[in-house]
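Student: Going down the list, the protein sequences come from chains A and B. In this text, residue positions in the first sequence follow my numbering: the first is 3, and each later residue adds one. In this text, residue positions in the second sequence follow my numbering: the first is 360, and each later residue adds one. Where is the CB? At the ideal position from N, CA and C, for every residue including glycine. Got a structure for you, questions after.
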Amino acid sequence: MNEVTRRGFITKVSVAGAAAAIGGLALPSAAQASQSNGAPAAPDHRLKGAPPQDVVLHIRDARTSEVALIAGSEEYVFHDRQLVSSVLHKLNKSTKE
Amino acid sequence: MSSHREAPETSKDPVTDNTDVYAFVSPDAPDMVTMIANYIPFEEPDGGPNFYEFGDDVLYMIHVDNDGDGIPNISYQFEFTTEVSNKQTFLYNTGPIESLDSANWSRKQFYTLTKVLRWGQDDSESVVLATHVPSPPCNIGPRSTPNYKDLADAAIHTFHSRRKVFAGQRKEGFYVDLGSIFDLGALRPFQNLHLIPMAAAPGVNGTRAVNVHSMALQVPITDLTSDGTKPSGYDDPKAVIGVWAAAYRRKLRIRQQHREVSSGPWVQVSRLGNPLFNEVVNPVGVKDSWNTFGPAYDSKYAEYVEHPELAGLLPVLYPGVFPNLAKLKAARADLVAILLTGIPDGLIEGFQNYTGTTQADMLRLNMAIPPAKEPSIYGILDGDLAGFPNGRRVPDDVTAIELRAIAGVTYPLVDPTYTPDAAAGQLTDGLTPQNTRQKYLGHFPYLATPLNGFDVPRGS
């Protein structure tokens, strides 16, 4: 898969994934983000209006379906088996192209 | 730079590399405390064309713990923004910089200072203390920065009555024979006794010709105590605060052509309390992770304090010189007290800087102990209760103090039957503040005027 195609793919997945998460779920408080490193918790700012320009989906643990959405200065951590499965399926398909 | 390039990751990220932290009762204002956090090690004065500046994408904090749990109660937050007025030149300045708003100076940096209570906790609150405060330019040379002292003085910002803040370039204040110490622990004045001997020689200051970037803050003692009142005496528990600095980056950095975005919450990437802790106490396998944790988690690292590697190395590197240290196998409760809990009352007359049982690497300053009339660079080891490890003053010879402590000089505090080796109390890399090239200031911000690249070119 060439770099341009992958980049386009990841952007689409990120936005689609983010849209799915925002539309389908109540986002947990950002304060519930992992604090295992002792870093301070970020305040809870639920996304309102149009999504920000850069939204990144991070699959933190595929086994437990733990994902993080990072946008602006916030990170939202939640579990979504369907989303993880969908993303990994697309990734798997893309690496074979 | 007691903590310069001390961990693999921070050595690759100079703007987050916290080199020194100082905390002391101000000698010229004994009702005020000065806290200083330095970053960006080994600034060569002639480092043009871009010279040096704080990171705009870094959050810098000076943290204060006043209830002994290793978690910040009061934090001072610095956030920087660089403004480039002339993008059509490759030069930092196109003429003499004679004021902080000089049109000749293209790349200016400004900062916002915010005081945060209970940082990281659900009931955290913050108040902006100062905004768009200018940093001075780097000291370039007699044509570009002809009256540099005036520029730097103009960058000292006074707010809320007598409180002061400064952020910008200063002369590196830490002195250490880097080339020798990291050449298998050689101390030049004693290297005739080294395992690989050479003739004894004076120390050579590895930081003599470099600058650093410094954030300095001076506030009343009562701004920092747990109840906002003055301590009643040295034995008042609220007299002692723990101080450390930390730097944070956003969790993600997204790079695209022509654009770079930092996103996500702040993640700690660097911190510093006591000098030399992550430099020579922590082994390389934990240095990076240590930098990402707050001091409240430092009991995880206590084993390296209880049995410091350097204490085992000294008898090997200097055969026959440290026979008593070589036999000392007990956990070093003295070093745990100095570095992780503070020294409780009753061990040293008229002194304590104990913050409780939570083991946390913090500079512990007893604010009720006034500045010394005749300071000793060897601090408490020389009977000067106002010196390190009671906080840390700029001139304190923390290298010699910590070497001597690790070599056993302080172990009698916990075991009066132990006799330190005679050499333990003599250890030094041979340097004093006389080797720093510029005299410290007797007033805020205490670190000397930075060197300029014209008069002090590379290799000076």
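Do residue 736/B and residue 756/B have their beta-carbon atoms positioned less than 8 Å apart in this structure?
Tutor: Closer than 8 Å, so yes.
Student: Evaluate contact between the segment 566-584 of chain B and the segment 689-708 of chain B, counting only Cβ atoms and requiring at least three cross-stretch pairs below 8 Å.
Tutor: Too few Cβ pairs lie closer than 8 Å, so no.
Student: Using a Cβ-Cβ cut-off of less than 9 Å, give me the residues of the segment 62-81 of chain A that come near chain B, in sequence order.
Tutor: Result list: 70, 72, 73, 74, 75, 76 and 77.
Student: State whether the segment 717-733 of chain B contacts the segment 589-608 of chain B, with contact taken as three or more CB pairs (one from each stretch) at a distance under 8 Å.
Tutor: A contact exists between the segment 717-733 of chain B and the segment 589-608 of chain B.
Student: First and last residue of the alpha helix (DSSP H) that includes residue 364/B?
Tutor: Neither: residue 364/B is in no alpha helix (DSSP H) and is coded neither H nor E.
Student: Checking contacts by CB at 8 Å: is residue 698/B closer than that to chain A?
Tutor: No, residue 698/B lies away from the interface with chain A (no Cβ there is under 8 Å from its Cβ).
Student: Please check if any C-beta of chain A sits within less than 8 Å of the C-beta of residue 611/B.
Tutor: Yes, contact with chain A.
Student: Determine the closest residue to residue 485/B out of 527/B, 529/B, 432/B and 468/B, with distance taken between C-alpha atoms.
Tutor: The shortest Cα separation from residue 485/B among 527/B, 529/B, 432/B and 468/B belongs to 432/B.
Student: Taking Cβ-Cβ distances shorter than 8 Å, what residues in chain A pair up with residue 792/B?
Tutor: What residue 792/B touches in chain A: nothing, since even the nearest Cβ is about 35 Å away.
Student: Taking Cβ to Cβ, would you say residue 723/B is nearer than 8 Å to residue 714/B?
Tutor: Contact: yes.
Student: Considering only the beta carbon of each residue, do residue 498/B and residue 694/B sit closer than 8 Å?
Tutor: No, the Cβ-Cβ distance between residue 498/B and residue 694/B is not below 8 Å.
Student: Give a yes or no on whether 8 Å exceeds the smallest Cβ distance from residue 622/B to chain A.
Tutor: Yes, residue 622/B counts as interfacial toward chain A.
Student: Under DSSP, the alpha helix (DSSP H) around residue 692/B begins and ends at which residues?
Tutor: Note, residue 692/B: alpha helix (DSSP H), 692-695.
Student: Can you list, in chain order, the residues of its chain with a C-beta nearer than 6 Å to that of residue 68/A? Leave out the 5 residues immediately preceding and following it.
Tutor: Closer than 6 Å at Cβ, skipping near neighbours: 62 and 81.
Student: Residue 326/B and residue 790/B: beta carbons closer than 8 Å?
Tutor: Coverage of chain B is limited to positions 360 through 819, which leaves residue 326/B absent and any answer about it impossible.
Student: Report all residues from its chain with a CB closer than 6 Å to the CB of residue 706/B; omit the five preceding and five following residues, and keep chain order.
Tutor: If we look at residue 706/B and ignore the five residues flanking it on each side, its Cβ neighbours are 772.
Student: Locate the beta strand (DSSP E) running through residue 627/B, then write down its first and last residues.
Tutor: Its beta strand (DSSP E) spans residues 618-631.
Student: Please return the same chain residues whose Cβ sits closer than 6 Å to the Cβ of residue 439/B, not counting the five positions on each side in sequence.
Tutor: Excluding positions up to five away in sequence, the list reads 413, 415, 468 and 470.
Student: Establish whether the CB of residue 58/A and some CB of chain B are separated by less than 8 Å.
Tutor: Chain B contact via Cβ: present.
Student: Could you tell me whether the segment 621-639 of chain B touches the segment 361-372 of chain B, where touching means 3 or more Cβ pairs closer than 8 Å?
Tutor: These segments touch.
Student: Should residue 758/B and residue 535/B be called a contact, given that it needs their Cβ atoms to be closer than 8 Å?
Tutor: It is a contact, given that the beta carbons lie within the stated cut-off.
Student: Measuring alpha carbon to alpha carbon, tell me which of 641/B, 473/B, 656/B and 380/B ends up nearest residue 669/B.
Tutor: Comparing Cα-Cα distances from residue 669/B to each of 641/B, 473/B, 656/B and 380/B, the minimum goes to 641/B.
Student: Could you have a look at residue 487/B and say whether DSSP puts it in helix, strand or coil?
Tutor: In the structure shown, residue 487/B sits in a strand (DSSP, three-state: E or B).
Student: Is the beta carbon of residue 465/B closer than 8 Å to that of residue 443/B?
Tutor: The answer is yes: Cβ separation under 8 Å.
Student: Is the CB of residue 34/A under 8 Å away from at least one CB in chain B?
Tutor: Note that residue 34/A scores a pLDDT of 36, beneath 50, so its modelled location is shaky and nothing firm can be said.
Student: How far does the beta strand (DSSP E) with residue 473/B in it extend, from its first residue to its last?
Tutor: Taken as a continuous stretch (DSSP letters only), the beta strand (DSSP E) holding residue 473/B covers 466-476.
Student: How about residue 676/B and residue 543/B: are their beta carbons less than 8 Å apart?
Tutor: Yes; because the gap between Cβ atoms is below 8 Å, this pair is in contact.
Student: Per DSSP, which residues does residue 614/B bridge with? Please list them.
Tutor: Paired residues: 619/B.
Student: On the three-state DSSP scale, how would you describe residue 73/A?
Tutor: Residue 73/A: strand per DSSP, three-state reduction.
Student: If we ignore side chains and look at the alpha-carbon of each, how far apart do residue 638/B and residue 386/B end up?
Tutor: Near 28 Å, if we compare the C-alpha coordinates of residue 386/B and residue 638/B.
Student: Just verifying my parser: in three-state terms, what is the DSSP assignment at residue 517/B?
Tutor: Residue 517/B falls in the strand class under three-state DSSP.
Student: Indicate whether residue 472/B and residue 488/B have their beta-carbon atoms separated by less than 8 Å.
Tutor: Result yes, Cβ atoms of residue 472/B and residue 488/B sit closer than 8 Å.
Student: Tell me which residues share the same chain as residue 501/B and place their Cβ nearer than 7 Å to its Cβ, disregarding the 5 neighbours each side in the sequence.
Tutor: Result list for residue 501/B: 813, in chain order.
Student: Applying the criterion that 16 or more other CB atoms from any shown protein chain within 10 Å of the CB defines a buried residue, is residue 681/B buried or exposed?
Tutor: Buried: at least 16 other Cβ atoms inside 10 Å.
Student: Tell me which same chain residues have a C-beta within less than 7 Å of the C-beta of residue 517/B, skipping the five on either side of it?
Tutor: Around residue 517/B: 523.
Student: Tell me the residue span of the beta strand (DSSP E) that contains residue 579/B.
Tutor: From DSSP, the beta strand (DSSP E) with residue 579/B extends over 570-579.
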